[in-house]
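S.K.:
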Amino acid sequence: YETRPGQQLQVDWKENLRMTTIHGEVIEFNLMTSTLGYSREHIFVYTKGKTTEDFLRCIIDTLYRLGGTPEHILTDNMTAVVSITNGSKRKHQKIRAFEKDSGMKIRLCKTRSPQTKGKDESANRFISWLNAYDGEIENEEELIHLIEKINRRVNNTINQTTNMPPHVLFEKEKEYLRPLPNKVMLDSYVDNVITQIVPPTLLVTYNGSGYSVPTKFINKRVKLVPIENKLYVYFNTELVTVHQINKNKFNYKHDHYQEALHHTICNKDIDIDAIAEENLKLLERIGK
């Protein structure tokens, strides 16, 4: 089953995935997997939940990464999109509103229908490559960066159906994608998203607490996305950092603060790492 360039984006979940860190912490998560029907360009988006809000957030992230929108999205009868009462399917109100605002239909198909069969080989390959790193990642932030890295690898690997890497065909397909809808409208569908310009202190503010980002983002506009007890900071579609939400006034990551000191202190005789350690301990006491 083939589709025209820019015609269709197939969307599915890879559910209930688990990865273990080098510290023994188990991270449970899901992936939204999206595939352009013509090129097989694949986008994987990390998510903790599978609610309607999660679905829309992942779709919007995918559209930003693609740089445009297809004519329609094809997905199965996932509960994030439809409710089924007495055998009757109805799309959730928020999904219908998104279709209207974005001008993009979300079409439903049966799970593993002929329309979608055979187009998820990249997703299965992705999961096997990801599992190879089980027990080797440092934390959730590193996991998300790993997902993005393997995503690029999948799109540069020859697809068995097209005999070409998806990214090569995507160079053609992206010309057929429609322009992105209004950014303000899109972001309005993502709950609790805050945008801020990063100050020289490196600290973006959420609920009265400051959270650090790397120095290269000073004076740039970033997005703060609170999900459960974590704060995810993005620059465009790039994950900048992840913080545990807490009530401390200053939440500097050691490497962020250390990097900032290296930029401001040019004297090579000074032990910058020791100064960073001392200052961070002081800030921790002050901020509690």
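To convert, note that position 239 of the sequence shown is 611 in the numbering used here; the numbers rise steadily by one, no gaps.
Every residue gets a Cβ at the ideal spot worked out from N, C-alpha and C, and that includes glycine.
Computed from a predicted model, the values in this text were never measured in an experiment.
1) Taking the Cβ atom as the reference point for each residue, do Thr419 and Asn511 lie within a distance shorter than 8 Å?
2) Mind checking which residues open and close the beta strand (DSSP E) that includes Leu549?
3) Verify whether the separation of the beta carbon atoms of His550 and Ile569 is less than 8 Å.
4) Run through DSSP, which three-state label would Asp426 get?
5) Less than 7 Å between C-beta atoms, sequence neighbours within five positions excluded: which residues of the same chain meet that for Arg462?
6) Buried or exposed for Gln616, going by 16 or more other Cβ atoms inside 10 Å?
7) Going by C-alpha to C-alpha distance, which of Gly378, Tyr578, Leu574 and Asp473 sits closest to Leu633?
8) Among Leu603, Asn608 and Phe589, which has the Cα closest to the Cα of Glu631?
9) Could one say the Cβ of Ile499 lies closer than 8 Å to chain D's Cβ atoms, at least one of them?
10) Between Asp627 and Ile509, what straight-line distance do the alpha-carbon atoms span, to the nearest angstrom?
11) According to DSSP, simplified to helix, strand and coil, what is Val344?
12) Nearest to Thr451 by CA position, among Asp563, Asp433, Leu480 and Leu438, is which residue?
13) By a C-beta neighbour count over all protein chains shown, 10 Å radius and 16 as the cutoff for buried, is His395 buried or exposed?
14) Just to confirm the assignment, what range does the alpha helix (DSSP H) spanning Ile516 have?
15) Is Gln380 helix, strand or coil by DSSP?
M.R.: Reading from the atomic positions:
1) A distance of 8 Å or more separates the beta carbons of Thr419 and Asn511.
2) Following the DSSP letters along the chain, one finds Leu549 in no beta strand (DSSP E), marked with neither H nor E.
3) With the sequence shown as reference, residue 550 is identified as Arg, and His is not the correct amino acid for it. No, these two residues do not count as a Cβ contact at 8 Å.
4) In the structure shown, Asp426 sits in a helix (DSSP, three-state: H, G or I).
5) In chain order, Val454 and Ser455 place their CB closer than 7 Å to the CB of Arg462, counting only its own chain and leaving out the 5 sequence neighbours on each side.
6) Exposure of Gln616 is indicated by the presence of fewer than 16 other C-beta atoms within 10 angstroms of its C-beta.
7) Considering only alpha carbons, the answer is Leu574.
8) Measuring from the Cα of Glu631, the nearest candidate turns out to be Phe589.
9) Reference to chain D is not applicable here, since this structure consists of a single protein chain.
10) Here the alpha carbons of Ile509 and Asp627 stand approximately 17 Å from one another.
11) An answer regarding residue 344 cannot be provided, because it is not within the stretch 373 to 660 covered by the chain.
12) Minimum Cα distance to Thr451 is reached at Leu480.
13) Exposed, because fewer than 16 other Cβ atoms sit within 10 Å of the Cβ of His395.
14) From DSSP, the alpha helix (DSSP H) with Ile516 extends over Glu512 to Asn527.
15) If DSSP states are grouped into helix, strand and coil, Gln380 belongs with the strands.
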